[in-house]
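Enquirer: This is the structure I want to talk about, given as structure tokens.
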Amino acid sequence: MTNDVKGIGGWLAVFVVWLGAAALAEILTTAVWLQEKSEKVGRLAYVEWDFWDMVLWGPAVACASLRIFCAVRLCRWRTPSQVLLAKATLWIAGPLVGALQAVIMAIPVGIEGVVDGFELALVVFFAVLVSCIPSLIFAWIWTLYLTKSRRVKNTYGL
23 MTNDVKGIGG
33 WLAVFVVWLG
43 AAALAEILTT
53 AVWLQEKSEK
63 VGRLAYVEWD
73 FWDMVLWGPA
83 VACASLRIFC
93 AVRLCRWRTP
103 SQVLLAKATL
113 WIAGPLVGAL
123 QAVIMAIPVG
133 IEGVVDGFEL
143 ALVVFFAVLV
153 SCIPSLIFAW
163 IWTLYLTKSR
173 RVKNTYGL
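23 is the number of the first residue of the sequence shown in our numbering; add one for each residue after it.
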């Protein structure tokens, strides 16, 4: 193990900042989507909207919390388990939660009566697809970086 590149710097710093920014983006995206949807649907017309509001906030807050937790752990502790946590966070908070949220977001569309049956299935499928492809790409790239980077190996003792 060489000491030439070590510590939170370079692309590792970009990754840690990205985790924090992605957490903030998750919360803002959810808030904007819910605001637009509640104005379109009309809160008073649908009593169950409060339920969907709560159901959608659950994964968003969990995802943002996991990303912030991971960023803090990467900055504070220098053990190999932090890199494993970062990789797990990439795959859980990205594609998995994105797919779950896409399904949850599509359900009220079916409840509103905008689409039904096969059309709802297509809405869900494309929502999951659009949500997951960028997340899968980011997760794959950052996992590759965390696995191959000399800085990560030196910093976390891999």
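Where is the CB? At the ideal position from N, CA and C, for every residue including glycine.
On the three-state DSSP scale, how would you describe Arg-173?
Expert: Your numbering for residue 173 matches position 151 in the sequence shown. Three-state result, Arg-173: helix.
Enquirer: Suppose contacts are defined by Cβ-Cβ distances below 7 Å. Is Arg-89 in contact with Ala-115 by that definition?
Expert: Counting from one through the sequence shown, the residue named residue 89 turns up at place 67. Counting from one through the sequence shown, the residue named residue 115 turns up at place 93. Their beta carbons are under 7 Å apart, which means Arg-89 touches Ala-115 by this criterion.
Enquirer: Can you tell me which of the three DSSP states Asp-75 falls into?
Expert: Here residue 75 refers to the residue found at position 53 of the sequence shown. If DSSP states are grouped into helix, strand and coil, Asp-75 belongs with the helices.
Enquirer: Whole angstroms are fine: how far does the CA of Ala-47 sit from the CA of Val-54?
Expert: As a first step, residue 54 is located in the sequence shown; it is residue number 32 there, counting from the start. As a first step, residue 47 is located in the sequence shown; it is residue number 25 there, counting from the start. Straight-line Cα distance between these residues: approximately 10 Å.
Enquirer: Tell me whether Leu-66 is buried or exposed, calling it buried when 16 or more other Cβ atoms sit within 10 Å of its Cβ.
Expert: To locate residue 66, count along the sequence shown from 1; it is residue 44. Only weak support is given to the placement of Leu-66: the predicted model assigns it a pLDDT of 49, under 50, and the value that follows is read from those uncertain coordinates. By the neighbour-count rule (16 or more Cβ atoms within 10 Å), Leu-66 is not buried but exposed.
Enquirer: Got a sec? Which residues, its chain only, sit under 8 Å from Gly-179 by beta carbon, not counting five neighbours each side?
Expert: On the sequence shown, position 157 is the one that residue 179 refers to. Excluding residues within five positions, the ones whose Cβ falls inside 8 Å are Met-23, Arg-100, Thr-101, Pro-102.
Enquirer: Determine the burial state of Gly-120: buried for a count of at least 16 other Cβ atoms within 10 Å of its Cβ, exposed for fewer.
Expert: Taking the first residue of the sequence shown as position 1, residue 120 is located at position 98. Buried is the call here.
Enquirer: May I have a chain-ordered list of the alpha helix (DSSP H) segments no shorter than 4 residues that lie completely inside the stretch 75-105?
Expert: none
Enquirer: Compute the beta-carbon to beta-carbon distance between Ala-93 and Gly-42, rounded to the nearest angstrom, for a pair I have assumed lies under 8 Å.
Expert: Numbered from 1 along the sequence shown, position 71 holds the residue referred to as residue 93. Numbered from 1 along the sequence shown, position 20 holds the residue referred to as residue 42. Yes, they are in contact, since the Cβ atoms of Ala-93 and Gly-42 sit about 5 Å apart, within 8 Å.
Enquirer: For Asn-176 and Lys-28, which I take to be in contact (beta-carbon distance under 8 Å), what is that distance rounded to the nearest angstrom?
Expert: Numbered from its first residue, the sequence shown carries residue 176 at position 154. Numbered from its first residue, the sequence shown carries residue 28 at position 6. The distance from the Cβ of Asn-176 to that of Lys-28 is about 4 Å, consistent with a contact at the 8 Å cut-off.
Enquirer: Give the single residue among Ser-87, Leu-166, Met-127 whose Cα lies nearest to the Cα of Phe-147.
Expert: Within the sequence shown, numbered from 1, the residue matching residue 147 stands at position 125. Comparing Cα-Cα distances from Phe-147 to each of Ser-87, Leu-166, Met-127, the minimum goes to Met-127.
Enquirer: Find the nearest neighbour of Ala-124 within the set Phe-91, Arg-98, Thr-52, Trp-40, judged by alpha-carbon distance.
Expert: If you number the sequence shown from 1, residue 124 lands on position 102. Minimum Cα distance to Ala-124 is reached at Thr-52.
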